[in-house]
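Let me begin by presenting the structure, written as structure tokens, before commenting on it.
Residue numbers (the working numbering), protein chains in the order written: chain A, 1 to 674; chain B, 1001 to 1105.
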């Protein structure tokens, strides 16, 4: 059994290998690249299923395999793999949804020139995401966390020739980075306090009782427990990744990427990573619950942020006109729901909603992709309409997704997961606000989804593109059908009558109760869904607009509110006026500092160097060179005067010789030589 | 006046030397200048032989060996001199010594 845990890395390694192959083959190898990517994803799905079987054999156990990465001084950084039901269930979901979306992409990006690159990026993303799930170390999780961020950046900016896409990619990257800074600080603080980043390590891991009780009793500034502070810092990272208020602004813009990317990364998997992180470190987040004296509990903050996000996302979604933007704000709102569930203490409900949401939101996005692909990249719902007849399969599957998201009772998975969150919120003794917000969001969700359905599929076609739309090929509709089946079937693994998922995740057997256990509450939420759908239909469905320029029905009733919501509650304008303005001022200051102070200093040094060089040259040329020159001139003049004796006249030489001889003879004869 | 054979020999060699010197100084033909030089050399050789022959111990043939060496060296020198003459001729199409002044300073 340990063998399997030890080789858990195989799950992320499959798509990683596919990504490596995709990146290294030539650009025209479209089939090879896509084929390998899909095969690797299916292999990862198979391995994940095995892992799930192993995990289910003993759901209460956290099976780990840890190994040292490197040593720093006398401390050792350790990484590891973790297999428990949470990991396994998430792996199965991610690999399954990824496989379907990969197949859908075959059709959606059929004409794209960078087809091969796209599958490389997708595989890379899947590898990082699966790595994030199997990590048993906060550090390894953080590494993969950043890698999914990079993949998200690359895929949002996949159509980088569009300026909006490039800007959206940058925005997503920078906004999530703000949250990640908190994550990193929390991680370092945690390492400082506990000396390890492993989740489970035979009693010494950060999620095990000895470390947790140590962290919960220490306090820091403002009487905050250390575990609370670290938990809140980690929540910053989760809020950035999962589009929570106030860092939600990047998620709607991320819809500039290709629609399969929106479905996979910005609806089903990556944005859920924040919720997964919170569920993973839930013991840490809840460590301060036992102490009533601390000023604030980490989970309370999570609950309120989740509630605000859920309500805000749903409100803004009501007034959007872009098909994908509506779904994006809906995702923001649903992620808020999940955070709310974690905040009120039911991470199991959050994971349940995460799973069902992954399926039905992927279904909705792929449905939207199908609509967009069929109507030549028209995604303004005012210009669509009447697709009910021409795109039968898409209409039916999209309708199933819509009903799952709204929480239409009994048959659809969204109903059961939403129900479990509302129950948890109802039972929370902290405040009634999250519960009330959850109920409000139910109405709004039903309302805006009804509006979306009515505008897109009913009435008359309001543009040539929508008029000529026809159903897409099998490669795109089959994933829709599979996801639609899942969107219905998945609800039944967590109903009160058969709480399988809840038992598995907590490792404690939960007795099944009647399916109508929370009768009154369930009745209220069903009523609210009916109100939402009814009012949506009353405003938009009864008489669908006939012209794309006709004013919005809600816009006529409350024009100022509608405009405020359409401008996304002015969050982007507000950030542009504050953070953006501050950033540009800082940039100007930094530029001035760089240009004048540092630049001046550097050019002064350069000028100094030039000056000494000039001085050097002047001394060299004038002082040193002239000395050498005059000496050489003298030597040359001397040589010249000597050479005058060399006449070249051989007779002259002989004569001198003879003269010398005569002088010698005279000397000898006169006796001078003695 | 009583003249010894040694003195006769010395007078003869002096005459030879003077003839050679006069020839070397007065001729413009390079070969003839070389001939003059050769005469002066042989005058010197003659002196060696004369001093050896009329020395107190003529048994050791030192003078002859000296002269033989000098002749051998003179032969080599003549070979070099004639080669120079040929080179000069090739260069200036005559062998006038007065014209060969290219190596002047």
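Built from N, CA and C at the ideal position, the CB exists for glycine as well. Keep in mind that this is a model prediction, so the values were computed, not measured.
Sub-7 Å separation of residue i and residue j beta-carbons
{"i": "residue 127 of chain A", "j": "residue 295 of chain A", "result": "no"}
{"i": "residue 359 of chain A", "j": "residue 236 of chain A", "result": "no"}
{"i": "residue 44 of chain A", "j": "residue 83 of chain A", "result": "no"}
{"i": "residue 123 of chain A", "j": "residue 91 of chain A", "result": "no"}
{"i": "residue 328 of chain A", "j": "residue 338 of chain A", "result": "no"}
{"i": "residue 1069 of chain B", "j": "residue 1048 of chain B", "result": "no"}
{"i": "residue 458 of chain A", "j": "residue 529 of chain A", "result": "no"}
{"i": "residue 353 of chain A", "j": "residue 417 of chain A", "result": "yes"}
{"i": "residue 108 of chain A", "j": "residue 306 of chain A", "result": "no"}
{"i": "residue 362 of chain A", "j": "residue 225 of chain A", "result": "no"}
{"i": "residue 435 of chain A", "j": "residue 426 of chain A", "result": "yes"}
{"i": "residue 355 of chain A", "j": "residue 41 of chain A", "result": "no"}
{"i": "residue 152 of chain A", "j": "residue 270 of chain A", "result": "yes"}
{"i": "residue 311 of chain A", "j": "residue 480 of chain A", "result": "no"}
{"i": "residue 240 of chain A", "j": "residue 179 of chain A", "result": "yes"}
{"i": "residue 273 of chain A", "j": "residue 147 of chain A", "result": "no"}
{"i": "residue 302 of chain A", "j": "residue 502 of chain A", "result": "no"}
Spatially closest choice to residue i from the options, by CA coordinates
{"i": "residue 300 of chain A", "options": "A:437, A:671, A:543, A:286", "result": "A:286"}
{"i": "residue 1020 of chain B", "options": "B:1048, B:1006, B:1042", "result": "B:1042"}
{"i": "residue 78 of chain A", "options": "A:84, A:546, A:66", "result": "A:66"}
{"i": "residue 489 of chain A", "options": "A:60, A:189, A:440, A:400", "result": "A:400"}
{"i": "residue 414 of chain A", "options": "A:657, A:81, A:492, A:430", "result": "A:492"}
{"i": "residue 570 of chain A", "options": "A:462, A:259, A:313, A:306", "result": "A:313"}
{"i": "residue 5 of chain A", "options": "A:120, A:93, A:134", "result": "A:134"}
{"i": "residue 1037 of chain B", "options": "B:1087, B:1058, B:1103, B:1071", "result": "B:1071"}
{"i": "residue 234 of chain A", "options": "A:604, A:182, A:259", "result": "A:182"}
{"i": "residue 484 of chain A", "options": "A:546, A:453, A:411", "result": "A:411"}
{"i": "residue 252 of chain A", "options": "A:291, A:308, A:333, A:230", "result": "A:333"}
{"i": "residue 402 of chain A", "options": "A:207, A:533, A:496", "result": "A:533"}
{"i": "residue 1025 of chain B", "options": "A:188, A:141, A:336, A:652", "result": "A:652"}
Boundaries of the beta strand (DSSP E) in which residue i is found, first to last residue
{"i": "residue 76 of chain A", "result": "75-83"}
{"i": "residue 66 of chain A", "result": "63-72"}
Coarse secondary structure for residue i, derived from DSSP in three states
{"i": "residue 636 of chain A", "result": "helix"}
{"i": "residue 431 of chain A", "result": "coil"}
{"i": "residue 498 of chain A", "result": "coil"}
{"i": "residue 284 of chain A", "result": "helix"}
{"i": "residue 113 of chain A", "result": "coil"}
{"i": "residue 1 of chain A", "result": "Because the pLDDT at residue 1 of chain A is just 48, under 50, the model does not fix this residue reliably, and the value given afterwards should be weighed accordingly. Of the three classes helix, strand and coil, the one that applies to residue 1 of chain A here is coil, per DSSP."}
{"i": "residue 1099 of chain B", "result": "helix"}
{"i": "residue 1029 of chain B", "result": "strand"}
{"i": "residue 192 of chain A", "result": "helix"}
{"i": "residue 8 of chain A", "result": "coil"}
{"i": "residue 135 of chain A", "result": "strand"}
{"i": "residue 552 of chain A", "result": "coil"}
{"i": "residue 595 of chain A", "result": "helix"}
{"i": "residue 201 of chain A", "result": "coil"}
{"i": "residue 60 of chain A", "result": "coil"}
{"i": "residue 309 of chain A", "result": "helix"}
{"i": "residue 220 of chain A", "result": "coil"}
{"i": "residue 319 of chain A", "result": "coil"}
{"i": "residue 1059 of chain B", "result": "coil"}
{"i": "residue 225 of chain A", "result": "strand"}
Span of the alpha helix (DSSP H) around residue i
{"i": "residue 543 of chain A", "result": "That residue, residue 543 of chain A, is in no alpha helix (DSSP H); it is neither H nor E in DSSP."}
{"i": "residue 479 of chain A", "result": "474-489"}
{"i": "residue 28 of chain A", "result": "Taken as a continuous stretch (DSSP letters only), residue 28 of chain A belongs to no alpha helix (DSSP H), as it is neither H nor E."}
{"i": "residue 525 of chain A", "result": "519-536"}
{"i": "residue 665 of chain A", "result": "650-669"}
{"i": "residue 572 of chain A", "result": "571-575"}
{"i": "residue 353 of chain A", "result": "347-374"}
{"i": "residue 493 of chain A", "result": "Where residue 493 of chain A is concerned, there is no enclosing alpha helix (DSSP H), given that its DSSP letter is neither H nor E."}
{"i": "residue 253 of chain A", "result": "250-253"}
{"i": "residue 560 of chain A", "result": "559-566"}
Cβ separation of residue i and residue j, assumed to be a contact under 8 Å, to the nearest whole Å
{"i": "residue 199 of chain A", "j": "residue 138 of chain A", "result": "7 Å"}
{"i": "residue 445 of chain A", "j": "residue 387 of chain A", "result": "The pair is not a contact, with the Cβ atoms about 22 Å apart (cut-off 8 Å)."}
{"i": "residue 210 of chain A", "j": "residue 202 of chain A", "result": "So it is not a contact: roughly 11 Å between Cβ atoms."}
{"i": "residue 619 of chain A", "j": "residue 1101 of chain B", "result": "Contact doesn't hold; Cβ gap of about 46 Å is too wide."}
{"i": "residue 421 of chain A", "j": "residue 407 of chain A", "result": "That pair is no contact at about 10 Å."}
{"i": "residue 80 of chain A", "j": "residue 136 of chain A", "result": "4 Å"}
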